[in-house]
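Shown next, in structure tokens, is the structure this report addresses.
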Amino acid sequence: MGDIYALLTALCWSSAVILFDISSKKFETFQLNAIKNLVGVFGFFFTILLFSIPIPEFSPDELLVLIISGLLGITIADVLFLESLKKLGSSISALVSTIYTPAIFILAFILFNETISILAYFGGLIVISGIAITVYDVPKNISKKDLSIGVCIGVLAQILTAYSVLTVKPILNSHPILYVALYRFSVGLIGAIIICIIKYGFNDFIQIYKTGLTNFHLVLGSVLGTYLSVILWLAGFKYTLAGRAAIYNQLSTVLIVIFARIFLSEPLTARKIVGLVVVIFGALLVTVFN
């Protein structure tokens, strides 16, 4: 079942990225993060009530890990990802996100002393090369400044995301997925709310939620990207090997590029196709030979 969960994650997430890209034209990054986190928390909480899932007993150390994971992975990394998406567009952002796979393996080595083969390191370099191939020829609608900033914060977002999910992997082995997701996103939501109130003021913050929760693209993107894909993503990590889950999740890169061409009319240049093939090959090399 873990393989199926990982495949469904790719489908839900790729759809959500396109919807978030559309929504970014009307909402600022911090606003997007606050709204999507609220939808996610509500979804997790409602599902827990619906299925009467008992409250697990987390140890103080586990709670601390969940708080740190939520702050790094939701409050910070998601903001960086959404800002990168806004600057780069869906397809280039998807290619940058392939750095997630080598980041998983390198961080797994650092955190859990998992062995990394030479070919896996080589695959990581290929991923970086593929990204470089894609962004070398700057699209006319993206400034060089936005490209540079977008790539850098996009890479940082993926590294933080990889770290945040790896830190909770031991907790996933002994606790329900939904509660792990609820706790992480609750922390992320609180952080997002505090930032929005400081940045926009309380009254404007309330108006942001009223407007955002009536926006079809943002709500649907939040349901697919924050609620469904997170549950499926964590389930993939719980019920299959991290490497296998990473392979299937990498399919989202291909789907995002295709969807961006179909729904957003983003150009699909020969350079972008070559870059896509290279990064996918590198990501698979990292996983298969590790």
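Sequential numbering of the sequence shown, starting at 954, is according to the working numbering.
Glycine included, C-beta positions come from ideal geometry on N, C-alpha and C.
Neighbourhood of residue i by C-beta distance below 8 Å, restricted to the same chain and skipping five residues each side
i	result
residue 1133	1019, 1121, 1124, 1125 and 1187
residue 1135	994, 997, 998 and 1001
residue 1016	1136
residue 1152	983
Proximal residues to residue i (C-beta, below 7 Å), its chain only, five neighbours per side dropped
i	result
residue 1032	982, 983 and 986
residue 993	1138, 1175, 1179, 1180 and 1183
residue 1129	1006 and 1009
residue 1234	1079
residue 1039	977 and 982
residue 1219	1042, 1043, 1044 and 1213
Short Cβ contact (8 Å threshold) for residue i with residue j
i	j	result
residue 1076	residue 1236	yes
residue 1044	residue 1209	yes
residue 1229	residue 1206	yes
residue 1150	residue 1158	yes
residue 1170	residue 972	yes
residue 965	residue 1204	no
residue 1166	residue 958	no
residue 1030	residue 1100	no
residue 1058	residue 1110	no
residue 967	residue 1212	yes
residue 1041	residue 1107	yes
residue 1003	residue 1060	no
residue 1232	residue 1084	yes
residue 1145	residue 1053	no
residue 974	residue 1217	yes
residue 1051	residue 1189	no
residue 1094	residue 979	no
Residue i burial status per 10 Å Cβ neighbour count (16 or more: buried)
i	result
residue 1008	exposed
residue 1027	buried
residue 1049	buried
residue 1014	exposed
residue 1072	exposed
residue 1012	exposed
residue 1037	buried
residue 1117	buried
residue 1127	exposed
Reduced DSSP secondary structure (H/G/I, E/B, other) of residue i
i	result
residue 1156	helix
residue 1234	helix
residue 1222	coil
residue 1100	helix
residue 1079	helix
residue 1072	helix
residue 1163	helix
residue 977	coil
residue 930	Only positions 954 to 1243 of the chain appear in this structure, which leaves residue 930 out of reach.
residue 1151	helix
residue 1095	coil
Limits of the alpha helix (DSSP H) - the one that residue i falls within
i	result
residue 1170	1169–1175
residue 1009	Taken as a continuous stretch (DSSP letters only), residue 1009 belongs to no alpha helix (DSSP H), as it is neither H nor E.
residue 1205	1204–1216
residue 1127	Element bounds for residue 1127: n/a, residue is neither H nor E.
residue 1040	1030–1041
residue 990	982–1003
residue 1053	1053–1065
6 Å CB neighbourhood of residue i in its chain, flanking five on each side removed
i	result
residue 970	1043 and 1209
residue 989	1175 and 1179
residue 1141	990, 1023, 1027 and 1028
residue 1160	none
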